[in-house]
Amino acid sequence: MLVEDNRDISKLVKSHLEQENFTVLTAFDGEEALALLKKYKVDLILLDLMLPKLNGMDFLKQIRTTSLVPVLIISAKGSDIDKALGLGFGADDYISKPFSMF
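Numbering (the working numbering), first residue to last: 135 to 236.
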């Protein structure tokens, strides 16, 4: 599942993943992502932190109470503190934007 509010980034990442034969669910805010997670089994979550309605950190804290699905944070918030918080709340890895798809 890709959780990203920037529709251009979401479209780009989804396109690259689908070219590699992954099925990609997309959510544009944290609340939508929670609803999808209740409805579908996902193998991986690619998570932005700066989301409307429910930010990525709060989303991560909520899902970690019931799920161990791997979470990869992809965020423009690239400070060491942000990385430590994300990993401390249960993310499995952290990639700072901008990043290359190649």
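Here a beta-carbon is modelled for each residue, glycine too, at the ideal position from N, C-alpha and C.
- Two segments are said to touch when three or more pairs of C-beta atoms, one from each, lie closer than 8 angstroms; by this definition the stretch 217-232 does not touch the stretch 152-170.
- Taking every protein chain shown into account, the CB of Ala169 has fewer than 16 other CB atoms within 10 angstroms, so this residue is exposed.
- Scanning Tyr174, Lys172, Lys173 and Leu181 for the CA closest to the CA of Lys148 turns up Leu181.
- Close CB contacts of Glu138 within its chain, under the 6 angstroms cut and outside five residues either way in sequence, are with Ser144 and Asp182 (chain order).
- Of all alpha-carbon atoms in Asp177, Ser230, Tyr174 and Glu166, the one lying nearest the alpha-carbon of Lys211 is that of Ser230.
- Assigned with DSSP and collapsed to three states, Ala218 falls in helix.
- When DSSP states are grouped into helix, strand and coil, Ala167 belongs to the helix group.
- Assignment of alpha helix (DSSP H) within the stretch 155-204, counting only whole runs of 4 or more residues, yields 164-173 and 190-197 in chain order.
- In this structure, Ile208 is the residue among Lys172, Thr200 and Ile208 with its C-alpha nearest to the C-alpha of Asn140.
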